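Novice:
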Amino acid sequence: MYDLAILWDWIAFSVRWLHVITAMAWIGASFYFIALDLMLKPNPALPEGAYGEEWEVHGGGFYHTVKYLVAPARMPEHLTWHKWQSYSTWLSGAALLMIIYWVGGELYLIDPTKADLALWQGILISAGSLTIGWLAYDAMCKSRLSDHPTALMLLLFIILVVMSWGYNQIFTGRAALLHLGAFTATIMTANVFFQIMPNQRIVVADLKAGRTPDAKYGKIAKVRSTHNNYLTLPVVFLMLSNHYPLAFATAYSWIIASLIFLTGVTIRHYFNTMHKTGKGPHWTWAVTVLLMIVIAWLSTVPGGDSYEEAEARPLTSYEERYASAESFEDAYYAVVGNCSMCHAREPSWEGLHWAPKNVVLETESDVARHADQIYLQAGLSHAMPPPNAIQMDQEARASIVAWVREVRDSD
130 MYDLAILWDW IAFSVRWLHV ITAMAWIGAS FYFIALDLML KPNPALPEGA
180 YGEEWEVHGG GFYHTVKYLV APARMPEHLT WHKWQSYSTW LSGAALLMII
230 YWVGGELYLI DPTKADLALW QGILISAGSL TIGWLAYDAM CKSRLSDHPT
280 ALMLLLFIIL VVMSWGYNQI FTGRAALLHL GAFTATIMTA NVFFQIMPNQ
330 RIVVADLKAG RTPDAKYGKI AKVRSTHNNY LTLPVVFLML SNHYPLAFAT
380 AYSWIIASLI FLTGVTIRHY FNTMHKTGKG PHWTWAVTVL LMIVIAWLST
430 VPGGDSYEEA EARPLTSYEE RYASAESFED AYYAVVGNCS MCHAREPSWE
480 GLHWAPKNVV LETESDVARH ADQIYLQAGL SHAMPPPNAI QMDQEARASI
530 VAWVREVRDS D
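What the sequence shown shows, in the numbering used here, is residues 130 to 540, in sequence order.
(1) Between T318 and S215, what straight-line distance do the alpha-carbon atoms span, to the nearest angstrom?
(2) Alpha carbon to alpha carbon, what distance is there between Q250 and N487?
(3) Within this structure, are the beta carbons of D240 and K196 separated by less than 8 Å?
(4) Rounded to whole angstroms, how far is the Cβ of V533 from the Cβ of G508, which I believe are closer than 8 Å?
(5) Return yes when the Cβ of T395 is within less than 8 Å of the Cβ of V365, no when it is not.
(6) Put Y373 into one of helix, strand or coil per three-state DSSP.
(7) Since W231 and S258 are thought to touch, with beta carbons under 8 Å apart, how far apart are those beta carbons, to the nearest angstrom?
(8) Is the region 424-432 touching the region 378-392, taking contact as three or more C-beta pairs under 8 Å?
(9) Can you tell me whether DSSP reads W210 as helix, strand or coil?
(10) Could you spell out the range, first to last residue, of the beta strand (DSSP E) harbouring A179?
(11) Rounded to the nearest angstrom, how far is the Cβ of L444 from that of A454, given a contact under 8 Å?
(12) Go to K196, then tell me how far its alpha helix (DSSP H) extends in each direction, as first and last residue.
(13) Which same chain residues end up closer than 8 Å to V151 when comparing Cβ atoms and leaving out the 5 residues on each side of it in sequence?
(14) Within this structure, are the beta carbons of L362 and A304 separated by less than 8 Å?
(15) Pull up the DSSP beta-bridge partners for I239, would you.
(16) Just the C-alpha distance for A154 and T492, rounded to the nearest angstrom, thanks.
(17) If you follow the alpha helix (DSSP H) that D434 is in, where does it begin and where does it stop?
(18) Can you check whether the CB of V465 is closer than 8 Å to the CB of I503?
(19) To test your reading of the DSSP string, which unbroken alpha helix (DSSP H) runs of 4 or more residues are found completely within the region 403-467?
(20) Pull up the distance between the alpha-carbon of G409 and that of S435, whole angstroms please.
(21) Below 7 Å CB to CB, which residues in the same chain sit around A350 once its five sequence neighbours on both sides are set aside?
(22) In chain order, which continuous runs of the alpha helix (DSSP H) of length 4 or greater are located wholly inside the region 262-311?
(23) Do you know offhand how far E183's Cα is from K170's?
(24) May I have the straight-line CA-CA distance separating V418 from G189, to the nearest angstrom?
(25) State the CB to CB distance for the pair L542 and T392, rounded to an integer number of angstroms; the pair is presumed to be in contact (CB under 8 Å).
(26) If distances are taken between C-alpha atoms only, which option among K348, F390, A247 and V321 comes closest to Y359?
(27) Check this for me: beta carbons of M292 and G262, under 8 Å apart or not?
(28) Taking DSSP as the reference, what is the three-state secondary structure of A134?
(29) Would you call W139 buried or exposed, if buried means 16 or more other Cβ atoms sit within 10 Å of its Cβ?
(30) Indicate the three-state DSSP secondary structure (helix, strand or coil) for T318 in the structure shown.
(31) State yes or no: is the C-beta of L274 within less than 8 Å of the C-beta of L284?
(32) Buried or exposed: where does T484 fall if 16 or more other Cβ atoms within 10 Å of its Cβ makes it buried?
(33) Give the C-beta separation of A141 and I229 to the nearest angstrom, bearing in mind that I take them to be a contact with Cβ-Cβ under 8 Å.
(34) Taking C-alpha atoms, which residue in V496, L481, T260 and L505 lies nearest to L375?
(35) For R526 and T313, I'd like the C-alpha separation in whole angstroms.
(36) Which word fits S143, buried or exposed, when buried means at least 16 other C-beta atoms lie within 10 angstroms of its C-beta?
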């Protein structure tokens with residue numbers, strides 16, 4: 130029978146794969162329709178109610194697209210709805226968050242050096258914050274701020290900065306940035322589910338009933354879709370950030386995450402303007418480069434606890450469970466002897482200035498905390514350490530497997 134850790138890792142990999150595929154479909158469709166909307170050209174020969182048209186060529190054929198500002202005179206027989214790209218992206222992302230940050234929360238979600246939280250408390254904060262974010266944003270959009278789109282976006286940015294700081298006070302660095310991305314993605318998908326699609330259904334129902342649709346429903350959907358367009362690139366960055374410790378494991382990672390939202394605005398403003406006018410404002414690239422330079426500079430400020438602080442910190446119940454095993458000592462020395470030259474707070478391996486993925490394996494708490502990952506990466510597989518770095522003997526790998534299986538067999 131397959132080891133549960135192997136099966137669970139493959140489940141996580143499969144869900145991550147699904148999430149990437151659906152996100153590509155959603156982002157591609159979103160960017161395409163925003164670009165199409167901005168490239169529409171007026172034509173007096175268009176049917177009544179038509180706003181503009183666009184001719185395109187792709188894959189050996191020509192495409193002629195006509196947009197109706199409100200709706201056509203009659204309901205077409207076939208209508209394609211673009212909704213499942215968004216829904217499947219959020220659902221697969223939510224499943225991935227649960228698999229990694231809820232089930233694996235003792236390692237990836239909770240940071241005992243920041244807040245003394247039980248796992249269930251961290252999970253409640255994780256889930257609750259995503260819901261609260263959408264409710265606050267939706268209330269703002271339905272208030273008088275809707276008449277002032279710039280002020281609305283500025284207030285949303287302030288909320289994102291506050292959430293970035295707040296997540297960083299209680300969660301691990303990678304969980305903080307990931308949750309900020311999930312916070313934003315929840316707003317985007319909720320825009321589709323609660324606003325864009327219901328308003329489109331009202332228009333379709335009016336057409337079927339022979340009524341003239343109200344233009345306000347299309348306008349509401351367009352505003353929410355535009356917000357999604359400007360939020361997309363920062364969400365992609367935040368989802369990728371867990372692979373780069375310079376983004377999530379430094380003292381000012383919450384500021385880095387906040388500034389990324391500004392780069393998303395400058396980049397999308399360039400392309401949106403280019404699609405509309407044929408020429409993008411080049412100053413946006415200068416601002417983007419300047420923001421990235423500031424981000425790179427902020428990432429040089431180290432974060433995390435020192436070796437002495439880590440040694441002095443009491444073990445959590447999760448860490449104690451693995452550190453108290455009889456076979457822990459052999460496994461611990463196998464890890465320290467083969468992995469700590471790279472996975473240290475100050476790596477001794479030439480050319481490394483920080484631990485890969487910010488995985489530090491020096492103290493007993495470090496090793497116990499990462500037990501499952503060590504088991505998969507250096508016990509069951511030969512992924513770590515890299516073969517060109519050090520040749521880890523089979524006896525050392527066997528001690529890691531025996532250690533983790535002893536703990537699991539005792540559960």
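Yeah, the Cβ is synthetic: ideal placement off N, Cα and C, and Gly gets one too. From a predicted model like this one, the values you see are computed outputs, not experimental measurements.
Specialist: Inspection of the coordinates gives the following:
(1) As a first step, residue 318 is located in the sequence shown; it is residue number 189 there, counting from the start. As a first step, residue 215 is located in the sequence shown; it is residue number 86 there, counting from the start. Their Cα atoms are separated by approximately 6 Å.
(2) On the sequence shown, residue 487 is found 358 positions in, with the first residue counted as 1. On the sequence shown, residue 250 is found 121 positions in, with the first residue counted as 1. Looking at the backbone, the Cα of N487 and that of Q250 are separated by about 24 Å.
(3) Position 111 of the sequence shown, counted from the first residue, corresponds to residue 240. Position 67 of the sequence shown, counted from the first residue, corresponds to residue 196. No, Cβ-Cβ distance for D240 and K196 is not below 8 Å.
(4) Residue mapping note: residue 533 aligns to position 404 of the sequence shown, counting from 1. Residue mapping note: residue 508 aligns to position 379 of the sequence shown, counting from 1. With 8 Å as the limit, V533 and G508 qualify as a contact, their Cβ atoms being about 7 Å apart.
(5) Mapped onto the sequence shown, residue 365 falls at position 236. Mapped onto the sequence shown, residue 395 falls at position 266. Not closer than 8 Å, so no.
(6) Locating residue 373 in the sequence shown gives position 244, where the first residue counts as 1. It is coil, neither helix nor strand.
(7) Looking up residue 231 in the sequence shown gives position 102. Looking up residue 258 in the sequence shown gives position 129. With a contact defined as Cβ atoms closer than 8 Å, W231 and S258 miss out at about 13 Å.
(8) With contact defined as three or more Cβ pairs closer than 8 Å, the region 424-432 and the region 378-392 are in contact.
(9) By 1-based counting over the sequence shown, the position of residue 210 is 81. W210: coil per DSSP, three-state reduction.
(10) Mapped onto the sequence shown, residue 179 falls at position 50. Residues A179 to H187.
(11) For this step, residue 444 is matched to residue 315 along the sequence shown. For this step, residue 454 is matched to residue 325 along the sequence shown. Cβ-Cβ separation between L444 and A454: approximately 13 Å, too far for a contact (criterion under 8 Å).
(12) Here the question's residue 196 lines up with position 67 in the sequence shown. K196: not part of any alpha helix (DSSP H); member of the beta strand (DSSP E) spanning G190 to Y197, first to last residue.
(13) Working through the sequence shown from its first residue, we reach residue 151 at position 22. Position check: residue 151 holds Thr in this sequence, whereas Val was assumed. Counting only Cβ-Cβ distances below 8 Å, and skipping sequence neighbours, we find Q214, S217, T218 and S221.
(14) Taking the sequence shown and counting its residues from 1, the one referred to as residue 362 is at position 233. Taking the sequence shown and counting its residues from 1, the one referred to as residue 304 is at position 175. For L362 and A304, no; Cβs fall outside 8 Å.
(15) Here the question's residue 239 lines up with position 110 in the sequence shown. Residue pairing for I239: DSSP places it in a beta bridge opposite F300.
(16) As a first step, residue 154 must be located in the sequence shown, where it is residue number 25. As a first step, residue 492 must be located in the sequence shown, where it is residue number 363. Taking the straight line from one Cα to the other gives about 44 Å.
(17) Here residue 434 refers to the residue found at position 305 when the sequence shown is read from its first residue. Counting along the chain, D434 sits inside no alpha helix (DSSP H), nor does DSSP assign it H or E at all.
(18) The residue labelled residue 503 in the question sits at position 374 within the sequence shown. The residue labelled residue 465 in the question sits at position 336 within the sequence shown. No Cβ-Cβ contact shorter than 8 Å links I503 with V465.
(19) Restricting attention to alpha helix (DSSP H) runs no shorter than 4 residues, the region 403-467 encloses them at 412-427, 436-441 and 446-452, ordered along the chain.
(20) What you label residue 409 is simply residue 280 of the sequence shown in a count that begins at 1. What you label residue 435 is simply residue 306 of the sequence shown in a count that begins at 1. Near 47 Å, if we compare the C-alpha coordinates of S435 and G409.
(21) Working through the sequence shown from its first residue, we reach residue 350 at position 221. Same-chain partners within the cutoff: Q324, I325, N328 and Q329.
(22) Runs of the alpha helix (DSSP H) spanning 4 or more residues and lying entirely within the region 262-311 occur at 278-299, in chain order.
(23) Stepping through the sequence shown from its first residue, residue 183 is reached at position 54. Stepping through the sequence shown from its first residue, residue 170 is reached at position 41. Approximately 6 Å between the Cα atoms of the pair.
(24) Against the sequence shown, residue 418 aligns to sequence position 289. Against the sequence shown, residue 189 aligns to sequence position 60. So the two alpha carbons sit approximately 37 Å from each other.
(25) Not covered by the structure: residue 542. The range shown for the chain is 130 to 540.
(26) As a first step, residue 359 is located in the sequence shown; it is residue number 230 there, counting from the start. Nearest of K348, F390, A247 and V321 to Y359, Cα basis: F390.
(27) Indexing the sequence shown from 1 puts residue 292 at position 163. Indexing the sequence shown from 1 puts residue 262 at position 133. Taking 8 Å as the cut-off, the Cβ atoms of M292 and G262 count as close.
(28) Position 5 of the sequence shown holds residue 134. Of the three classes helix, strand and coil, the one that applies to A134 here is helix, per DSSP.
(29) By one-based count along the sequence shown, residue 139 stands at place 10. Exposed, since its Cβ has fewer than 16 Cβ neighbours within 10 Å.
(30) Here the question's residue 318 lines up with position 189 in the sequence shown. DSSP places T318 in helix when its eight states are reduced to three.
(31) Working through the sequence shown from its first residue, we reach residue 274 at position 145. Working through the sequence shown from its first residue, we reach residue 284 at position 155. Yes, Cβ-Cβ distance for L274 and L284 is below 8 Å.
(32) Counting from 1 along the sequence shown, the entry for residue 484 is found at position 355. The question names Thr, yet the displayed sequence has Ala at residue 484. Buried: at least 16 other Cβ atoms inside 10 Å.
(33) The residue labelled residue 141 in the question sits at position 12 within the sequence shown. The residue labelled residue 229 in the question sits at position 100 within the sequence shown. Going by Cβ atoms, the distance from A141 to I229 rounds to 6 Å, so yes, they are a contact pair.
(34) Stepping through the sequence shown from its first residue, residue 375 is reached at position 246. The closest CA to that of L375, considering only V496, L481, T260 and L505, is found on L481.
(35) Your numbering for residue 526 matches position 397 in the sequence shown. Your numbering for residue 313 matches position 184 in the sequence shown. Pairing R526 with T313, the inter-Cα distance amounts to about 41 Å.
(36) Locating residue 143 in the sequence shown gives position 14, where the first residue counts as 1. Under this definition S143 is an exposed residue.
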